[in-house]
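Residue numbers (the numbering used here): 7 to 57. Comments concern the structure below.
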Amino acid sequence: MDPRQQTVTLFSEPNHDRYHTRSDRKFGDAISIPEPFGFSLSLAKLVPYQD
Numbered sequence: 007m008d009p010r011q012q013t014v015t016l017f018s019e020p021n022h023d024r025y026h027t028r029s030d031r032k033f034g035d036a037i038s039i040p041e042p043f044g045f046s047l048s049l050a051k052l053v054p055y056q057d
C-alpha cells in the first residue's frame, strides 16, 4: 500500500523466490484476493497522505 501514490499492489502465486502475478489498483477501486480466500476487497475507504 502506498498512501502517497494512492495505490495498492497485491503479489500472488508465489513460487520459491518470486511471485507470478501482480495486481495494481488505485484507492477507491476493488482488488480481488485469490483463492484460498476468494473475495473482493474494497479500497474505497483508504485515505491518502496529506502533503
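Note that CB positions come from ideal geometry on N, CA and C, so glycine has one too.
Item to check | Residues near Arg10 by beta carbon distance below 6 Å, same chain, minus five either side | outcome: Here residue 10 corresponds to residue number 4 of the sequence shown, with the count starting at 1. Closer than 6 Å at the Cβ level, and outside the excluded window around Arg10, lie Tyr55.
Checklist entry - DSSP on Asp49, reduced to helix/strand/coil? => result Sequence index remark: in the sequence shown, residue 49 carries index 43 (1-based). First, the residue type needs correcting, since residue 49 is Leu and not Asp in the sequence shown. Of the three classes helix, strand and coil, the one that applies to Leu49 here is coil, per DSSP.
Next on the checklist: Between which residues of its own chain and Leu47 is the CB-CB distance below 7 Å, once the five residues before and five after are set aside?
Outcome noted: Here the question's residue 47 lines up with position 41 in the sequence shown. Closer than 7 Å at the Cβ level, and outside the excluded window around Leu47, lie Ala36, Ile37, Ile39.
Item to check | Within 9 Å, strictly: CB atoms of Gln12 and Phe33 | outcome: Stepping through the sequence shown from its first residue, residue 12 is reached at position 6. Stepping through the sequence shown from its first residue, residue 33 is reached at position 27. For Gln12 and Phe33, yes; Cβs fall inside 9 Å.
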